[in-house]
Structures are given as structure tokens and as C-alpha cells.
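Below: one structure, written as C-alpha cells.
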Amino acid sequence: MKAVHYLNQFFAGLGGEDKAETPPVRLDGAVGPGRGLAAELEDVDIVATIACGDDYFAEHEDEALATLLAYLEEDPPDVLVAGPAFGSGRYGYACGTLVAAAAERGIASVAAMHPENPGVDAAGKAYVVPTAVNVAGMRDVLPRLARVASALAAGRELGTPDQGGYLPRGFRRNYFAEKTGAERAIDLLLAKLGGETRTEVGGGLDRVEPPAAVPDLSQALVALVTEAGCVPQGNPDRLPAVRAQGWFRYDLTGEETLSAARYESVHGGFDVTLANEDPNRLVPLDTARELEREGRIGRLHEAFYTTTGNGTPVVTSTRFGREIAGELREAGVGAVLLSGT
Amino acid sequence: MLAKEIERAGIPTVYVTSLPTVATMIGANRIIRGPAITHPFGLDADERRRIVERAFELLETEVEPNTVWEVAG
Amino acid sequence: MAWELATFPSDLLPSQLEVEGADVQVVRPGEPVRVTHVLDAVEPRIRPDGRAAFPTKGKAGEGRTNRLDGVVVLSCLDFAEEERPLHEQESIVDLAGPGAEFTPFGDETCVVLTFRPGEAGNEDAEAAARKTTLRVAEELARPTLDAEPAEVETFELGAGDENLPRVGALIQLSDLGPLYHLYVYGTPAGQAGLPRIVDPAELLDGAVTSGEYHWAAMRNPTIFFQRNTLVRSLYAEHGKRLRFADVVLMRGYEQSADDKQRAAEAAAARAQELGADGVVITTDAGGNSHTDVMLTCRACERAGIRTTVILAEETDPESTRPILTDWVPEADSIVSTGNLEEQVEEWKPERVLGGDTLLDGTAAASAGPIPVRNYLGAANQMGQLTLGARTE
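Protein chains in written order, with my numbering: chain B, 129 to 469; chain H, 13 to 85; chain A, 1378 to 1769.
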């Protein structure tokens, strides 16, 4: 089986910081730490070493990545190994970014670096083997890195992060614990009462900084968006009541109000009786038109966007958000009134 | 999730919801607390007008992340 | 007052059983059977003193109750399609194969009752099925009245060592209207005066029964109250690592922000009345019931009561960020009962009961992999089972 090994300019023997601007190159066989790695690999040969200057990668990421991926795709290896980068941030970032991109393209990939290296986050769904913070950890990491690389090349299961010797990638996987959830809860509560707080799952969510305020709403194009499942009467596009698989856009040209005769909500997460007596209770078109006439807002966007927010996996609703945001931006929308439940 | 992604695209978004804790958790930044899940904009046109005006005001205001405004009366 | 639970062997199960309005099938442990459209699971129980096993008046958790060991009644109903409840999701129990690890009935004798949707609409069909199931569970235990128990357990809380922390359980019961609520002594949770303090023995003794049919993996079938692991574990720990300070029943799915806040504060006040140092807070079903739990967690922590919350996750298997429906920073101690979105390996049962076609139109006998969320009680958020999720 074949491996390709990624190194930075220093470990590839191209030079030190003065060569950090070196664009990607491809070298035959194992180079530098690759020789030590090759000695530990099981039935895997390092057929090529690809390398790039750390600064070049940081400053020209797209070009560097494209060239490195092109090297890989010329003769796809059974496994890509990157590093070890230890505590070096730029090198670690390049390793992480490359293995992530290669893994996305179906190439089994592993990098090695210190657990706090920012490259760990960049590695996405690829594997990262932990190392010491500096090159003194080389001797220790090469056999562990070789074990993971050999298993990946052979298509063997690595098992859990503990069993496989790699850092958790963040996937939430089910398992059967030795104790019931209730017993685990009692253990956690007693530990917390004893001063040691632990959790099996945390908050830690992705945040977006609030965009600046709208400078002048009386000049702005304002769009109405809803997660409350508002659709034209009869639900012509069959928006599901739960676990929506898509979103819809309905034209508002000439519409002054969301009358009960023409619109309804199909949301499955609450009792829609009150909403369906007057759908403006969910999407306040009548009020928005009033304020448009009074000049409080510049103009209402010509359509409203709708989906149902309940039971839809977050990845899916994130995609809806991105797609709707793309259309709104294209239309020049300056502010959004979003209604949930 | 819609609020966060639309704001990620740089468009200020005011989110009217009766569940502001959920809204802050998913990362909405301009939140108006609506009266009920079944009718976030209230029941009658006057209440609706007060809520929408308050929402528009929030769009014109610089905010800290996860700002929640109540609607008076 | 002490409550006694007497256990009798499953061979007392009557061999002949007919139920009006339902097909009856008895499945022995290990038979390769898949049960679909499952409404509820109930353990056969009866009281020697003649009071009801699932009382609607009087108090449970007193005197003696007989239970038939190793027997489960599973009720099934495929609601009429044109008026299928919005939230109804497929609810499966596998009695063998990989799915049997997720639903804990494979090593028991299952009495499967398949009800027929009536002419009178889903709510009537459900009410009839629910009442009949509880009655059948009581009938199946009748032979224990003339037999000797194999074991008698006594449930009673002595004072316990003053130095041990007082720990209570805040148990959430859903009420999102008909077909989506639990019952407390036969009254929908939303009308049962919650939050309220109950003797933990009441919970184990039929005071709470199930009538909720959404979120199969996250719901609380009746048997999970009868055999409640949390309450039993707290009894077992009483006087050892903690003092068990009773149970507070609280409602899930309060329908406005104000009601949610009020209910959370009221539940925390009940926990204070118990003198609890800490509480385990449990969750029922999904969506905004998780908000009720988070607000209750916050209210308790603000009242100086430490909390651990039990809930399930809905994280896309391809995503690397855990997803909770709701979260407050005070929830710093959470037990995860699993990721609903993970698939359970494909399995082909030899026999299907409850209905041959799943709600998504696929054949139940050859459905391919099925997500955890469709297995009844698999990620139960009272912590009934051992499933968990961890970061890999």
C-alpha cells in the first residue's frame, strides 16, 4: 500500500524560516522524519513527500491547497500522513487543512500535532494523533502515527479515540454505558454536591457577532421570514409539519394581509387554531404594510420565506438559513423580521 | 438557526419568539419576546403593531449578543 | 407508610386471552419479532385488596401490589392516516436483533395487543386502547392473587444520616394536549395540579400512566414509571450516599414564556419545600419541553439547589458539534441518554406485529437501518436505560 507524506519546508530539508515562502513541491520517497515513519509502517511505503513553506501556505492557502491536492489526485495514495507538526501553529494549520480537504475527497488522512495546536480544529473529519509540544516528542510519536496510518491504509476500524490513539473529532456517538442514565445522573449530582462538576455533554455553541444596526429603516428593504410554517391555504408545496426538508418563498405582490381564507400554518409544534383564525398573528403582513405606507420602512421585500423550525436537524436548518440569506442578500434586503413560535 | 445564518450574511435580523431562551441558545442576537407560542405577535392588531414597532426599533439599535427586549403593555 | 411490591413468576401468565377490539399475540423471549406502531408498554400488576392497579382515585404506593415478572403488555395502533396526529412518529420495539439492545423487552414474554382504528376518530380510538391495555395488564396479574410470591420488596424511607445530602427527583410529565400527554391518577398532567410533591412509591405503583405518542425514543411508556430506575436507584442509595427527598412531578410543554417561567419557579419552590440540596431533573419528549427543563434547572440553581439534568441529543451523525434543543449556562451537569439521529443496523425480523407498513411507507420486515429516534423509549430521559452519547 502507498502513503504520501506532507512536511513543511524545514522538515523536508528545503531550508529554515528563510525558505518559508517556498511554494508546494513534490519529492520522491520518504524525506526527513518520513524515513523514521517509513520504518514503523506496516506494509505501507511512502511513495512521495509533498511539502510547502509555512508562510506560503498561510498567505496563499487556496493555491497551495489546490496544488497539494492535485499531487494527491495524480496517484491517489491509500493514506495521507501530515506532520508531526508538534506545537507549531502555521505548520499545524497547514497539516490540519490539508488532511481535512483530502478526507473530504475520500482519501484516508491523518495528521500529528500537539492537542492545543490550532491545526486540530482545522482537521475536520480527518484523524489527528497527539504529540508533545516540540520536536523532542518525535521518537515517541512516530510509532503511534505509523500504527494509525497503517490501519487507515488497510481500511481497518480504529475504534474509539482512546482505543485508536487519536484525538476526539467531535462526533457524538452512541454507546451502552455500564450504568443507566439515572445512576449516572445520581453520580454526577453527588460529585457536584461534593465540589466536582462534570457533564456528559456541554453547551459550547457557534456564535455570530450581531451585525451593525440598520442606519435608516425608512430607506431599507425589509423581508418577512418565518419558522412558524405559514403557507398558502391548502399547503400547495406540502411543507411538512415536522422535520421540514426545505423552505419556500411565496410572492406578496399585491397582498395587503395574510387572510385566513388564503393562508394557514401547518406547524406541528403548537396548536395552530389561533394562528389560523388570523395568520397575521404569525407573519404580521398587515402591520408591516401599514408601516410601509407610513414610511417607517422603505419597502417590504416582494416575497416572504417560510419553513417549520421543529424537529429539523440543526445541520439542515443551518442550510435553510444560508440559502435564504443568499437570496435576501442578492435582493438587497437590509433587515429581516423573523417570526418563530 | 435562520436568525444566526441570516446575520452571518450581515443582514440585521430581529427574531420575534415566545421562547427567548431557545433563541439565545441558538445564537440569535436581536430578540423580541412574543406573548405566546401560538401567537408570537399577539392576538389583535394593536398588540401586533406594538410588537412590530418594537422589533423595528431593535433593528435600529446597536446590541450586545443575545439581546432580548420585552414589549411594554 | 410502607409499600410492598410482591413479585410472581411469569409462568402464572394465563394461556388463553381474548380482548375485544384487539388482536392478541404472545411472543416468547428471543423470538425474531418486530412490533410497530407501539403506543405503550405496561407491566401486569394487581392489588390483593381490590383497589385499582392504575388508580384514578385514592393513593398509590400504599399496602401491597403484585407484579408478574418478565411479562410486558405492548399496545399497538396504526392511527387512521387521514387524521394521523401531526406529531405521531414511528414507534418500534424489536424483540431480537440489534434493535433489541435499544428497547429492553426482548428477554421478556410480550403480550402484543394490536388495536384497530375505530370509526369515531383517533382520540376515541386511543382512549379505548389505553384503557383496555391497563385493564388487560391488571387481568394478566390476577392469577397472582392465589399464588405465593417469589420475592417481596418493601419501599420505605427512614430518616437517614443527617450528614448525607438530601436529593430529590424532579420528573417532567408532558402535556401538549390529547394524544400527547401523560396522566397522573387518570388526569392529564396539565390539569393535575403540577408541580406537586409525591411519595416516590406512588410513581412506582401506577400513579402515572402514558398517553403520549410523539418522539418514540424520548417518551415515557407506563412501564418506565412502574420500573423507574431513577426512583429505585435513589431508594437504593438512601442512607448510603444520600437521603432521598421525594419526587416532584412537573409539567412539560407550558405554552407561553410566562407560564414556562412560572412553572420552573414553582418546581424549584417545591424542591425547596423538600429541603433538597440537589435534584435530578428529568425530561419528557422533545422540542420545547427541553426549554421547560432548562428553565427549571436555572430556577433551582438560583434557589441554591444543585442540579443534574437528563436529556437526549439530536446531533447529525456527520456533524462534529453536539446539539441540544435548549441550554442555559446553569446546566453544567448533564447526562446524555444518546443521540437520536444515529442509525441502528438493519435487521430482518421473521414476523411483524402491530402493522406491516411503517409510517414512512416502507415495509416493516425489510426497512433497512432505522434511527434511534424511532425505537420506543430508547433514549428515555428519566435515565431508564444505559444508552449514552460520547464525543469520538
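The beta-carbon is built from N, C-alpha and C at its ideal position, and this holds for glycine as well. Computed from a prediction, not measured in an experiment: that's the story for all the values here.
For residue i versus residue j, is the C-beta distance shorter than 8 Å?
i: Gly1732 (chain A); j: His1414 (chain A); result: yes
i: Arg1675 (chain A); j: Val1705 (chain A); result: yes
i: Ala1418 (chain A); j: Phe1482 (chain A); result: yes
i: Leu386 (chain B); j: Asn408 (chain B); result: yes
i: Gly220 (chain B); j: Ala229 (chain B); result: no
i: Val1544 (chain A); j: Leu316 (chain B); result: no
i: Gly1821 (chain A); j: Ala1594 (chain A); result: No statement about residue 1821 (chain A) is possible, as the shown extent of chain A runs from 1378 to 1769 and does not include it.
i: Asn302 (chain B); j: Asn1716 (chain A); result: yes
i: Gly1583 (chain A); j: Pro1425 (chain A); result: no
i: Leu226 (chain B); j: Leu273 (chain B); result: no
i: Ala210 (chain B); j: Asp182 (chain B); result: no
i: Ile314 (chain B); j: Ser1610 (chain A); result: yes
i: Ala1379 (chain A); j: Thr1509 (chain A); result: no
i: Val248 (chain B); j: Val256 (chain B); result: yes
Near residue i, which residues of its chain fall below 8 Å by C-beta distance, leaving aside the five closest residues on each side in sequence?
i: Val1712 (chain A); result: Thr1685, Val1686, Ile1687, Leu1688, Gly1760, Gly1765
i: Asn70 (chain B); result: This structure leaves residue 70 (chain B) out entirely; chain B is present only between 129 and 469.
i: Ala1653 (chain A); result: Arg1543, Val1544, Gly1545, Ala1622, Ile1682
i: Ile1700 (chain A); result: Glu1690, Glu1691, Thr1692, Asp1693
i: Ala140 (chain B); result: Val153, Leu155, Val159, Gly160, Thr177, Ala179
Would you verify that the beta carbon of residue i is, or is not, closer than 8 Å to some beta carbon of chain E?
i: Ala403 (chain B); result: You won't find chain E in this structure, because its protein chains are B, H and A.
Give me, in chain order, the residues of the same chain whose beta-carbon lies closer than 7 Å to that of residue i; leave out the 5 immediate sequence neighbours on both sides.
i: Leu1626 (chain A); result: Ile1548, Leu1550, Val1561, Leu1571, Pro1572, Arg1573, Val1575
i: Thr1673 (chain A); result: Leu1547, Met1627, Ala1641, Ala1644, Ala1645, Ile1658
i: Gly265 (chain B); result: Phe214, Thr259
i: Ala48 (chain H); result: Ser30
i: Ala231 (chain B); result: Ser237, Gly252, Lys253, Ala254
i: Gly46 (chain H); result: Val28, Thr29, Ser30, Pro52, Phe53, Ile63
i: Glu1707 (chain A); result: Cys1674, Arg1675, Glu1678
i: Gly1435 (chain A); result: Arg1428
i: Gly1447 (chain A); result: Ser1387, Glu1485, Thr1486
Tell me which residues share the same chain as residue i and place their Cβ nearer than 6 Å to its Cβ, disregarding the 5 neighbours each side in the sequence.
i: Val353 (chain B); result: Tyr433, Val464, Leu466
i: Ala1502 (chain A); result: Pro1494, Gly1495
i: Ala222 (chain B); result: Phe185
i: Leu270 (chain B); result: Gly164, Leu165, Glu168
i: Thr50 (chain H); result: none
i: Leu1394 (chain A); result: Val1401
i: Leu419 (chain B); result: Ile425
Taking all protein chains shown into account, do 16 or more other C-beta atoms lie within 10 angstroms of the C-beta of residue i, making it buried, or fewer, making it exposed?
i: Thr1668 (chain A); result: buried
i: Gly1476 (chain A); result: buried
i: Asn83 (chain B); result: The displayed coordinates of chain B run from 129 to 469. Any statement about residue 83 (chain B) would go beyond what the structure contains.
i: Asn1540 (chain A); result: exposed
i: Leu1607 (chain A); result: buried
i: Gly332 (chain B); result: No answer about Gly332 (chain B) holds up, because its pLDDT of 48 lies below 50 and its placement is not dependable.
i: Gly396 (chain B); result: buried
i: Ala389 (chain B); result: exposed
i: Arg284 (chain B); result: exposed
i: Ser1666 (chain A); result: buried
i: Thr415 (chain B); result: buried
i: Glu1528 (chain A); result: exposed
i: Leu1770 (chain A); result: No answer is possible for residue 1770 (chain A): the residues shown for chain A start at 1378 and end at 1769.
i: Ala198 (chain B); result: exposed
i: Gln137 (chain B); result: buried
i: Asp1471 (chain A); result: buried
i: Gly1745 (chain A); result: exposed
Notebook entry, point to check: Do the stretch 172-184 of chain B and the stretch 149-158 of chain B meet, that is, are 3 or more Cβ pairs less than 8 Å apart?
Noted result: yes
Notebook entry, point to check: Of all the residues that make up the stretch 360-393 of chain B, which are near chain H by a beta-carbon distance shorter than 9 Å?
Noted result: Trp375
Check: Pairing CB atoms from the stretch 1518-1536 of chain A with CB atoms from the stretch 1389-1398 of chain A, are three or more of them under 8 Å?
Finding: yes
Notebook entry, point to check: Along the stretch 1714-1743 of chain A, what residues have a CB closer than 7 Å to any CB found in chain B?
Noted result: Thr1714, Gly1715, Asn1716, Glu1718, Glu1719
Item checked: Contact set between the stretch 41-58 of chain H and chain A, restricted to residues whose Cβ is under 7 Å from the partner -> Arg45, Pro47, Ala48, Ile49, Thr50
Notebook entry, point to check: Are three or more beta carbon pairs between the stretch 335-344 of chain B and the stretch 403-419 of chain B nearer than 8 Å?
Noted result: no
Check: If contact means a Cβ-Cβ distance below 8 Å, which residues of the stretch 447-468 of chain B contact chain H?
Finding: Phe448, Gly449, Arg450, Ile452, Ala453, Gly454, Leu456, Arg457, Val461, Gly462, Ala463, Val464, Leu465, Leu466, Ser467, Gly468
Margin query: Beta carbons nearer than 8 Å to chain B: which residues of the stretch 1614-1638 of chain A have them?
Written below: Glu1614, Arg1618, Leu1619, Gln1632
Check: Given a limit of 9 Å on CB to CB distance, which residues of the stretch 216-248 of chain B reach chain H?
Finding: none
Checklist line | chain H contacts from the stretch 418-432 of chain B (Cβ-Cβ distance under 8 Å) | finding: Glu418, Leu419, Arg424, Ile425
Next item on the list: Decide yes or no for the touch test of the stretch 1585-1605 of chain A against the stretch 1523-1539 of chain A: beta carbon pairs closer than 8 Å, at least 3 of them.
Entry: no
Notebook entry, point to check: Looking at chain H, which residues of the stretch 1661-1675 of chain A have a Cβ within less than 7 Å of any of its Cβ atoms?
Noted result: Asn1665, Thr1668, Met1671, Leu1672
Item checked: Near-chain B residues of the stretch 74-85 of chain H - C-beta to any C-beta below 8 Å -> Glu74, Val75, Glu76, Pro77, Thr79
Notebook entry, point to check: Using a beta-carbon distance cut-off of less than 7 Å, what residues from the stretch 136-169 of chain B approach chain H?
Noted result: none
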